[in-house]
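Shown next, in C-alpha cells, is the structure this report addresses.
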Amino acid sequence: MIRSWARAGAVVGSLRSAFEAVMFPWSCVLCGVDGAPGAFCPGCLDALWDRAVKAGASVCPRCALPAGPHANFRRGCGVCRGRPLGFDAAVALGPYEGTLRELCLRLKHRRNAWLAPPLCDLWAGTRLDAIDRMALPTDAWVVPVPLHWRRHYGRGYNQAEALARELARRLDRSFHAPLRRVIHAPKLATLSAPARARVLREAFRARESSAIRGRTVLLVDDVLTTGATCGAAARALKRAGAKKVVVAVMARTDRAWT
Ligand SMILES: [Zn+2]
Ligand SMILES: [Zn+2]
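Residue numbers (our numbering): 13 to 270.
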C-alpha cells in the first residue's frame, strides 16, 4: 500500500515537472543562461563533455579509479588488484567533484529526475570504448541498485532507477529490477569500510533467480564510493546466478576502500 502511494506520488511529481518544463523556457542548470537547447547551454555541455572524455582516458577498467597515463591495468590497478570487489568491471563518467558532484546531488531529488537523460547521454556518448569492452550480450539486463523501501518512500524515487532506465534505452538492453534492499542502513557513509561491508553483506536479495541465471548485468548507481554497496548488490545478483556484473555509475569518489 505504502509503495503504491509512493508510486502514485512519483507519477504526480513527474507530470508536474513535465508541465513546468513546458511552461518555462529552458535555462542552463549549471550557469543559468536562458535559452539553453536542453539541460545545459552549449558552453557548459562542451565543458562537461571534455571533462568526461579526459576523465575516461586513464582509469582502471575494474574499479573505475583514475590512474596515471602509464598505469598497468592487468587484472585491475595498483589499488584494486587482488581485492575481491563483487563486480567484474566498473565505468564512471568522472570523479565525484565539481559540476558532476553538483549534478549527482541534484539528481537525488525527484524534482530533478529530468537530469537523468542528459547525464546518460553524456555517459553513453563518452564511454564508447568502455561499452565496446563490456561486450554486453543483447539479452543483458540493466539493473538499478535499489533503495530500501523506507528511503524510497521518503525520497519519492530512486535516482539509480531513473539512470538505469535511461541507460537501458541508450544501450538497447532491457531494464529489470530484480534486486531488493532488505536492510535499511541510513548511516552507512559514516561507517568504517569493514563495518560497512558487514552491514551490506546481507543487504540485498535478488528476485526472479531463474531468469537471472547466466545473465550479464549492467548494475547502475549514481555514485560509486568505496564500492561496497555495488559490490554487495553484485554479489546478490551472482548468488542468484548472474554470470557477469559490470557497474555503471555517473561519478566515482577517490575514497577507495579506506
Ligand atoms: Zn551553461
Ligand atoms: Zn582498480
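Glycine included, each C-beta is placed from N, C-alpha and C at the ideal position.
These figures come from a predicted structure and were not determined experimentally.
So what does DSSP say about residue 252, is it helix, strand or coil?
-> Residue state, collapsed to three classes: coil.
Between which two residues does the alpha helix (DSSP H) containing residue 133 stretch?
-> Where residue 133 is concerned, the enclosing alpha helix (DSSP H) stretches over 128 to 138.
Under the three-state reduction of DSSP, which class applies to residue 264: helix, strand or coil?
-> strand
Would you call the stretch 151 to 159 and the stretch 227 to 237 touching, i.e. three or more CB-CB distances under 8 Å?
-> yes
For residue 135, which option in 60, 217, 38 has the closest C-alpha, if you only look at C-alpha atoms?
-> 60
Go to residue 234, then tell me how far its alpha helix (DSSP H) extends in each direction, as first and last residue.
-> Segment 228 to 236 is the beta strand (DSSP E) holding residue 234; no alpha helix (DSSP H) there.
What did DSSP end up calling residue 153 once you bin it into helix, strand or coil?
-> strand
Counting only runs of 4+ residues fully inside the stretch 23 to 105, write out the alpha helix (DSSP H) ranges in chain order.
-> 54 to 67
Smallest Cα separation from residue 191: which of 183, 216, 174?
-> 216
Using beta-carbon positions only, say whether residue 256 and residue 100 come within less than 8 Å of one another.
-> yes
Tell me whether residue 88 counts as near ligand 2, meaning its Cβ is closer than 7 Å to at least one heavy atom of that ligand.
-> Yes, the Cβ of residue 88 comes within 7 Å of a heavy atom of ligand 2.
Among 74, 222, 207, the one whose alpha carbon lies nearest that of residue 236 = 74
Mind the definition here: the stretch 83 to 94 touches the stretch 117 to 134 only if three or more C-beta pairs lie below 8 Å; say whether that holds.
-> no
Distance, residue 68 Cα to residue 181 Cα = Using only the alpha carbons, I get a separation of about 22 Å.
Using only the heavy atoms of ligand 2, determine whether one of them is closer than 7 Å to the beta carbon of residue 236.
-> no
Neighbour-count burial assignment, residue 139, 16 or more Cβ in a 10 Å radius | buried
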